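S.K.:
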Amino acid sequence: MAVASMSSSMEQPPPPMYNTRSTSVKRLMREAVEMKEPTELYYCQPIEDNLFEWHFTIRGPIATEFEQGIYHGRILFPVEYPMKPPSIILLTESGRFKTNEKICLSISGHHVETWTPTWGVRTALLAIIGFMETPGEGALGSLDYTPEERKILAKKSQSYVCPKCGATNSQVLLPLSEKSIDAQKEAKELISQIDFVKKVETKTETPSSTSLDENNIEPTSSEPILDSRSDVSPITTPNTTIRSPTNTILLPRQNESNNNLLSMFIFLCCMILSFLLLRRLFLTFGTSRSFPPSSTDPFHDDF
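Numbering (UniProt numbering), first residue to last: 1 to 303.
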């Protein structure tokens, strides 16, 4: 069965290539154990040969054009996880997200500044489910197909079989029941958090001219797997922006004051040196003159 093939990697100890004392390895192993059983809305496990790549299957949100859809995708974790967010890629066509491209969410690698280590794989999956019924609005990796087109893709997605992990969408998830109501509510609550972050980023983000290759994504290096759309600054950016001009204004005034003091000091030194030089000249040439006695002086007697 497809579920058994996806979870077989966690029934044995991790291969020796992983450092079991690593924070990311311990966190991923713990989450894999917690999510080893499929649910009605989602299922996710690492592939057999890579603990940092997981495959997931999610059900489309109920009472939407996606409700008959079952969607498959990948999650790529950076070596800094959970301090840095994973990258999420959808492999099944949905009409909401592009396939084989990273999804731009506040919980994904596009927005490192909004990620918190308390979030995990389950949070990411619920966020994708809740975010599917929201408009794309031109975000990276988003699509805005018509409801009719999305319904067609939703039915088509049920027969999808992943060529890498072997999962069959129609056989992975449990049948729907009343137990999934709470999870659906939680997914919708995550939408409000994501929308709030999106409004803040709209005020602070700047356009970027960097083009990214989204089709060749493998977590093979020790560098974090991140894909920044733009140089989005955290909420503390206004403080940084205010302080920089203040320093820029104060420094020239301080330099001008120092220059004035130096000029005054040089002027005083020149005045003192000039005074001393004139005094020396006066003493030297003024006192060296001799005044012989006058021959008509009536008081001079030559004895």
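Note that CB positions come from ideal geometry on N, CA and C, so glycine has one too.
Quick caveat: nothing in here was measured; it's all calculated off a predicted structure.
With respect to the alpha helix (DSSP H) encompassing Q171, which residues constitute its N-terminal and C-terminal limits?
M.R.: In the sequence shown, residue 171 corresponds to position 171, counting from 1. It spans 169-172 - the alpha helix (DSSP H) in which Q171 sits, taken as one unbroken run.
S.K.: Give the secondary structure of T114 by DSSP, where H, G and I count as helix, E and B as strand, and everything else as coil.
M.R.: Here residue 114 refers to the residue found at position 114 when the sequence shown is read from its first residue. In this structure, T114 counts as helix in the three-state DSSP scheme.
S.K.: Beta-carbon separation of R59 and L41 under 8 Å?
M.R.: As a first step, residue 59 is located in the sequence shown; it is residue number 59 there, counting from the start. As a first step, residue 41 is located in the sequence shown; it is residue number 41 there, counting from the start. Yes, the pair counts as a contact, with Cβ atoms nearer than the cut-off.
S.K.: Taking Cβ to Cβ, would you say G130 is nearer than 8 Å to L190?
M.R.: Your numbering for residue 130 matches position 130 in the sequence shown. Your numbering for residue 190 matches position 190 in the sequence shown. Yes.
S.K.: Could you tell me the distance, in whole angstroms, from the CA atom of V121 to the CA atom of E148?
M.R.: Against the sequence shown, residue 121 aligns to sequence position 121. Against the sequence shown, residue 148 aligns to sequence position 148. Their backbone Cα atoms lie some 30 Å apart in a straight line.
S.K.: Going by DSSP in three states, P147 sits in which element: helix, strand or coil?
M.R.: In the sequence shown, counting from the first residue as 1, residue 147 sits at position 147. Helix, per DSSP.
S.K.: Got a sec, what are the start and stop residues for the beta strand (DSSP E) F52 sits in?
M.R.: Position 52 of the sequence shown, counting from 1, holds the residue named residue 52. That run of the beta strand (DSSP E) goes 50-59.
S.K.: Tell me which same chain residues have a C-beta within less than 6 Å of the C-beta of S228, skipping the five on either side of it?
M.R.: Taking the sequence shown and counting its residues from 1, the one referred to as residue 228 is at position 228. Low per-residue confidence applies at S228: pLDDT is 39, beneath 50, and the placement is therefore not dependable, though the value from the model is reported in the following sentence. Around S228: no qualifying Cβ.
S.K.: May I ask you to report which of helix, strand or coil DSSP gives T92?
M.R.: Your numbering for residue 92 matches position 92 in the sequence shown. Looking at T92 - three-state DSSP - the assignment turns out to be coil, as it is neither helix nor strand.
S.K.: If you drop the 5 nearest sequence neighbours on each side, which residues of the same chain put their C-beta closer than 8 Å to that of T123?
M.R.: In the sequence shown, counting from the first residue as 1, residue 123 sits at position 123. Answer for T123: I107, L190, listed in chain order.
S.K.: Can you tell me where the alpha helix (DSSP H) holding R74 begins and where it ends?
M.R.: Counted from its first residue, the sequence shown places residue 74 at position 74. It is not in any alpha helix (DSSP H) - R74 instead sits in the beta strand (DSSP E) that spans 70-76.
S.K.: Give me, in chain order, the residues of the same chain whose beta-carbon lies closer than 8 Å to that of G138; leave out the 5 immediate sequence neighbours on both sides.
M.R.: Here residue 138 corresponds to residue number 138 of the sequence shown, with the count starting at 1. Taken in chain order, the list of residues that qualify is empty.
S.K.: Can you check which of these residues, L126, F267, Q184, is closest to A63 by C-alpha distance?
M.R.: Along the sequence shown, read from residue 1 onward, the residue named residue 63 stands at position 63. The residue with the shortest Cα to Cα distance from A63 is Q184.
S.K.: Going by DSSP in three states, T64 sits in which element: helix, strand or coil?
M.R.: Residue numbering aside, residue 64 sits at position 64 when the sequence shown is read from its first letter. Correct three-state label for T64: coil.
S.K.: Which residues does DSSP list as the beta-bridge partners of F267?
M.R.: Position 267 of the sequence shown holds residue 267. Answer is none; F267 lacks a bridge partner.
S.K.: When burial is assigned at 16 or more other CB atoms within 10 Å of the CB, is P103 buried or exposed?
M.R.: Position 103 of the sequence shown, counted from the first residue, corresponds to residue 103. Residue identity differs from the one stated: residue 103 is Ile in this sequence, not Pro. Buried.
S.K.: Roughly how many angstroms lie between the CA atoms of S284 and F267, to the nearest whole one?
M.R.: For the purposes of this step, residue 284 is taken as residue 284 along the sequence shown, with counting starting at 1. For the purposes of this step, residue 267 is taken as residue 267 along the sequence shown, with counting starting at 1. Residue identity check: residue 284 is Thr in the sequence provided, not Ser. If I take the Cα positions, the gap works out to 26 Å.
S.K.: Do the CB positions of S180 and S170 come within less than 8 Å of each other?
M.R.: Within the sequence shown, residue 180 is the residue found at index 180, counting from 1. Within the sequence shown, residue 170 is the residue found at index 170, counting from 1. Going by C-beta atoms, S180 is not nearer than 8 Å to S170.
S.K.: By the three-class DSSP mapping on this structure, what secondary structure does S24 have?
M.R.: As a first step, residue 24 must be located in the sequence shown, where it is residue number 24. In the structure shown, S24 sits in a helix (DSSP, three-state: H, G or I).
S.K.: Is Q45 helix, strand or coil by DSSP?
M.R.: Translated into positions along the sequence shown, residue 45 becomes position 45. DSSP places Q45 in strand when its eight states are reduced to three.
S.K.: How is V79 classed by DSSP in three states: helix, strand or coil?
M.R.: Walking along the sequence shown from the start, residue 79 turns up at place 79. Three-state result, V79: coil.
S.K.: Just the Cα atoms here: how many angstroms apart are F66 and F56?
M.R.: Position 66 of the sequence shown, counted from the start, is the residue given in the question as residue 66. Position 56 of the sequence shown, counted from the start, is the residue given in the question as residue 56. Cα to Cα, F66 sits roughly 17 Å from F56.
S.K.: Relative to the alpha-carbon of R27, which residue among W119, E178, H72 has its alpha-carbon at the smallest distance?
M.R.: By one-based count along the sequence shown, residue 27 stands at place 27. Of the listed residues, the one whose Cα sits closest to R27 is W119.
S.K.: Cβ atoms of C162 and L90: under 8 Å apart, would you say?
M.R.: Walking along the sequence shown from the start, residue 90 turns up at place 90. Walking along the sequence shown from the start, residue 162 turns up at place 162. Not closer than 8 Å, so no.
S.K.: Can you have a look at P61 and say buried or exposed, based on whether 16 or more other CB atoms are within 10 angstroms of its CB?
M.R.: Mapped onto the sequence shown, residue 61 falls at position 61. P61 is buried by the Cβ-count criterion.
S.K.: Under a three-way DSSP split, which group does K102 fall into?
M.R.: As a first step, residue 102 must be located in the sequence shown, where it is residue number 102. In this structure, K102 counts as strand in the three-state DSSP scheme.
S.K.: So if DSSP puts V161 in a beta bridge, which residue, or which two residues, is it bridged to?
M.R.: Here the question's residue 161 lines up with position 161 in the sequence shown. BP columns for V161 point to T168.
S.K.: Tell me, to the nearest whole angstrom, how far the beta carbon of I70 is from that of S157; I am working on the premise that it is less than 8 Å.
M.R.: Counted from its first residue, the sequence shown places residue 70 at position 70. Counted from its first residue, the sequence shown places residue 157 at position 157. Their Cβ separation, rounded to whole angstroms, is 5 Å, which keeps I70 and S157 in contact under 8 Å.
S.K.: Can you tell me where the alpha helix (DSSP H) with A127 in it begins and where it stops?
M.R.: One-based indexing of the sequence shown puts residue 127 at position 127. Per DSSP, A127 belongs to the alpha helix (DSSP H) from 121-131.
S.K.: Return helix, strand or coil for S142, following the three-state DSSP convention.
M.R.: Locating residue 142 in the sequence shown gives position 142, counting from the first residue. Of the three classes helix, strand and coil, the one that applies to S142 here is strand, per DSSP.
S.K.: Under the DSSP definition of a beta bridge, which residues are partnered with S87?
M.R.: Working through the sequence shown from its first residue, we reach residue 87 at position 87. Beta-bridge pairing links S87 to L76.
S.K.: Figure out for me which residue from N50, V25, C270, Q68 has the closest Cα to the Cα of E80.
M.R.: As a first step, residue 80 must be located in the sequence shown, where it is residue number 80. For the residues N50, V25, C270, Q68, the minimum Cα distance to E80 belongs to V25.
S.K.: DSSP three-state call for T284: helix, strand or coil?
M.R.: Within the sequence shown, numbered from 1, the residue matching residue 284 stands at position 284. Three-state result, T284: helix.
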